[in-house]
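Residue numbers for the sequence shown follow full-length UniProt numbering, so the first one is 243 and each next one is one higher.
Note that CB positions come from ideal geometry on N, CA and C, so glycine has one too.
Below is one structure, written out as structure tokens, with a few remarks after it.
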Amino acid sequence: LFIIGGLIGLLVFFVINTYAKHQLSLHSLIIKGIGRKEFIPYYQPIINVKNNKMYGCEVLVRWWFNKKELISPDEFIPYAESNGLIIHITDILLEKTLAQLSSLDWNKSSGIISINLVPEQLENKLHMRKAVDLIIKSSISPKLIAFEITERMSFTDLNKAAAVIDYLKAQGINVKLDDAGTGYGSFSYIQHLKLQSLKIDKMFVDTIGTFDHRLSVLDSIIAFGKKSGMEMIAEGVETKEQSEYLLNNGVYLQQGYYFSEPLKFEQFHDYYKQDQVN
Ligand code: C2E
Ligand code: CA
Ligand code: CA
Ligand code: CA
Numbered sequence: 243l244f245i246i247g248g249l250i251g252l253l254v255f256f257v258i259n260t261y262a263k264h265q266l267s268l269h270s271l272i273i274k275g276i277g278r279k280e281f282i283p284y285y286q287p288i289i290n291v292k293n294n295k296m297y298g299c300e301v302l303v304r305w306w307f308n309k310k311e312l313i314s315p316d317e318f319i320p321y322a323e324s325n326g327l328i329i330h331i332t333d334i335l336l337e338k339t340l341a342q343l344s345s346l347d348w349n350k351s352s353g354i355i356s357i358n359l360v361p362e363q364l365e366n367k368l369h370m371r372k373a374v375d376l377i378i379k380s381s382i383s384p385k386l387i388a389f390e391i392t393e394r395m396s397f398t399d400l401n402k403a404a405a406v407i408d409y410l411k412a413q414g415i416n417v418k419l420d421d422a423g424t425g426y427g428s429f430s431y432i433q434h435l436k437l438q439s440l441k442i443d444k445m446f447v448d449t450i451g452t453f454d455h456r457l458s459v460l461d462s463i464i465a466f467g468k469k470s471g472m473e474m475i476a477e478g479v480e481t482k483e484q485s486e487y488l489l490n491n492g493v494y495l496q497q498g499y500y501f502s503e504p505l506k507f508e509q510f511h512d513y514y515k516q517d518q519v520n
């Protein structure tokens, strides 16, 4: 897997490099991509393991670069996050997601649609207002939308963030703490921002069935989540053993390759129809 990952990385690097030779930097490539709306949503189902039905899905961006390369977020999201370009990518992603899922008559029984944001985006009120406007104008209820805020990066102003979260909540939009345990202070964020949902990072799910000392961190996160009455979603679930361990410990909302990889819209459409029948 490492080798394949490396090869893909190399390939992407090569493609980008070829273009760089034509005097185009990643920066201008992203700007071009934004202009052409080359960013598309993939959808990964989140399962309620108690009844085996879809709880919802997470929207994960892919870059359909120059109409021929599908580039994964790791190759451009960190850069786009560092200079604000991410805001335009999210705008495009949200617009496409709302259009595609509206075409499925997405409703209450379909579940929650989760969209990724970095703290800086959440603190940008204008950006959030625009996002809310897009949602309200669509046929999908704001109650079915959630934003995942990663704690990999820090907030610059927690009070400001709290105010924006109150605004989003008033619109019916839920906010979840993403990558809980990996970054800057899950506990203080949860308290300050009055968050009610957290996503347990794959890093901790990976420790299930191993002797990794971080298994105790997983258990602590789960205990904390339970005690605080939080909704918990585990990500990166790849095996039956992991899924059962989590379920036995009360974490029944799960996401990972064990259930499904992120799917392009056409595939997600089929998955969704099947889920509606069951
Ligand atoms: P994330 O938010 O933690 O998303 C989960 C990542 O884990 C996704 O990678 C997903 O494809 C992958 N994943 C899910 N289940 C499994 C599994 O069972 N095994 C393994 N090995 N991986 C699994 P992806 O799609 O490459 O996205 C990587 C990261 O890029 C995301 O991590 C998120 O932080 C960021 N990202 C993706 N889309 C957006 C976006 O629209 N905006 C922002 N700000 N960040 C995004
Ligand atoms: Ca996420
Ligand atoms: Ca995550
Ligand atoms: Ca993660």
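Just grab the DSSP bridge partners of E390 for me.
-> Within the sequence shown, numbered from 1, the residue matching residue 390 stands at position 148. E390 pairs with N358 and K418.
By Cβ distance below 6 Å, which residues in the same chain neighbour S502 in space, the five residues on each side in sequence not counted?
-> Taking the sequence shown and counting its residues from 1, one reaches residue 502 at position 260. Counting only Cβ-Cβ distances below 6 Å, and skipping sequence neighbours, we find P287.
Simplified DSSP assignment, three categories, for F397 | Residue mapping note: residue 397 aligns to position 155 of the sequence shown, counting from 1. In this structure, F397 counts as coil in the three-state DSSP scheme.
Look at P283 and V254 and say whether their C-beta atoms are less than 7 Å apart.
-> If you number the sequence shown from 1, residue 283 lands on position 41. If you number the sequence shown from 1, residue 254 lands on position 12. One thing to note: P283 has its Cβ no nearer than 7 Å to the Cβ of V254.
Excluding sequence positions up to five away, which residues of its chain have a Cβ less than 8 Å from the Cβ of Q265?
-> Within the sequence shown, numbered from 1, the residue matching residue 265 stands at position 23. Only weak support is given to the placement of Q265: the predicted model assigns it a pLDDT of 47, under 50, and the question is left unresolved by the model.
Straight-line Cα distance separating S430 from P337 | Walking along the sequence shown from the start, residue 337 turns up at place 95. Walking along the sequence shown from the start, residue 430 turns up at place 188. For clarity, residue 337 is Glu in the given sequence; the question names Pro instead. Taking the CA atoms as reference points, E337 sits about 32 Å from S430.
For D420, count neighbouring C-beta atoms within 10 Å of its own C-beta (all shown protein chains included) and say buried if the count is 16 or more, exposed if not.
-> For the purposes of this step, residue 420 is taken as residue 178 along the sequence shown, with counting starting at 1. A residue is called buried when at least 16 other Cβ atoms come within 10 angstroms of its Cβ; D420 meets this threshold and is buried.
Measuring from the CB of D421, is there a heavy atom of ligand 4 at a distance below 6 Å?
-> Translated into the one-based positions of the sequence shown, residue 421 becomes position 179. Yes - ligand 4 has a heavy atom lying nearer than 6 Å to the Cβ of D421.
So what does DSSP say about I382, is it helix, strand or coil?
-> Residue numbering aside, residue 382 sits at position 140 when the sequence shown is read from its first letter. Coil at I382, not helix or strand.
Nearest neighbour of S351, chosen from V493, C299, S396 and L489 [CA to CA] = Here the question's residue 351 lines up with position 109 in the sequence shown. Selected option, being the one with the closest Cα: C299.
Give a yes or no on whether the C-beta atoms belonging to E473 and S439 are separated by under 7 Å.
-> Taking the first residue of the sequence shown as 1, we reach residue 473 at position 231. Taking the first residue of the sequence shown as 1, we reach residue 439 at position 197. Yes, Cβ-Cβ distance for E473 and S439 is below 7 Å.
Please confirm whether any heavy atom of ligand 2 lies closer than 6 Å to the CB of E390.
-> Mapped onto the sequence shown, residue 390 falls at position 148. Flag set: Cβ of E390 near ligand 2.
Secondary structure at Q265, three-state DSSP: helix, strand or coil?
-> Looking up residue 265 in the sequence shown gives position 23. With a pLDDT of only 47 at Q265, under 50, the local geometry of the prediction cannot be trusted, and the value read off the model is given with reservation. In the structure shown, Q265 sits in coil (DSSP, three-state: anything other than H, G, I, E or B).
Reduced DSSP category for N490 - H, G, I as helix; E, B as strand; rest coil | As a working note, residue 490 is residue 248 in the sequence shown. N490 falls in the helix class under three-state DSSP.
Is K444 near ligand 4, in the sense that its beta carbon is under 6 Å from a heavy atom of that ligand?
-> Translated into the one-based positions of the sequence shown, residue 444 becomes position 202. Yes.
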